[in-house]
Amino acid sequence: MTQLSPGVSRESHQSVNPVWAKKMVDYRKEEGPDAECVRRRFRQFRYQEAEGPREACSRLRELCWQWLQPEKHSKEQIVELLVLEQFLAVLPPQIQTRVREGSPGSCGRAVALAEQFLQQQQQQQHQGEDGWEGQVRILVNQLQV
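Quick note: the sequence shown uses full-length UniProt numbering, first residue 1, plus one each step.
Right under this line is the structure:
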């Protein structure tokens with residue numbers, strides 16, 4: 001049996017609040033197993049959605065389990081997922097948007113997408129500078145003639 005915390009099983013947490021357990025079953029049917037959706041629900045959960053501290057903690061724990069799936073993933077995979085999420089959160093908005101569009105499944109892929117974006121920006125800046133300098137040279141040459 002999977003442990004949520006020392007000595008407390010997932011089933012016993014759900015039995016603390018059977019209404020919450022039913023909500024989670026309904027939620028799984030509605031939303032499906034999309035990890036991004038579950039991650040967002042975990043991150044956006046508010047205390048006011050629960051009936052007191054016990055239910056709030058129970059709901060957060062269940063959402064976290066659905067997102068990280070510790071029964072399926074190793075510690076290393078879970079750490080990778082947490083680092084990836086934090087890496088995406090600290091990126092500047094333009095880079096973050098581009099990296100998220102690439103749907104990276106790992107930190108390595110996210111870093112590659114961010115570096116690719118920065119490289120493209122640098123190339124565009126150089127092309128813009130070259131274009132400007134080229135135009136100035138043409139104008140100067142035309143004025144000298």
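Each residue gets a CB set at the ideal place from its N, CA and C atoms; glycine is no exception.
Coil, strand or helix - residue i by DSSP
i, result
"HIS126", "helix"
"GLU36", "helix"
Option in the options with minimal Cα separation from residue i
i, options, result
"CYS37", "GLU80, GLN66, ARG59 and SER74", "GLN66"
"LEU81", "ARG59, LEU91 and GLN69", "GLN69"
"CYS107", "GLN121, ALA89 and ASP34", "ALA89"
"ALA110", "LEU91, GLU71 and GLU55", "LEU91"
"ALA112", "ILE95, GLY52, GLN48 and CYS64", "ILE95"
Burial state of residue i (16 or more Cβ within 10 Å)
i, result
"ALA114", "buried"
"SER58", "buried"
"VAL99", "buried"
"GLU62", "buried"
"PRO18", "Confidence at PRO18 is low in this model, with a pLDDT of 46, below 50, so its placement is unreliable and no value can be given for it."
| task | Return the chain-ordered ranges of every alpha helix (DSSP H) run that is complete within the UniProt domain "SCAN box" (39 to 121) and spans a minimum of 4 residues. | result | The alpha helix (DSSP H) runs lying completely inside the UniProt domain "SCAN box" (39 to 121) and spanning 4 residues or more are 53 to 68, 75 to 90 and 93 to 101, given in chain order.
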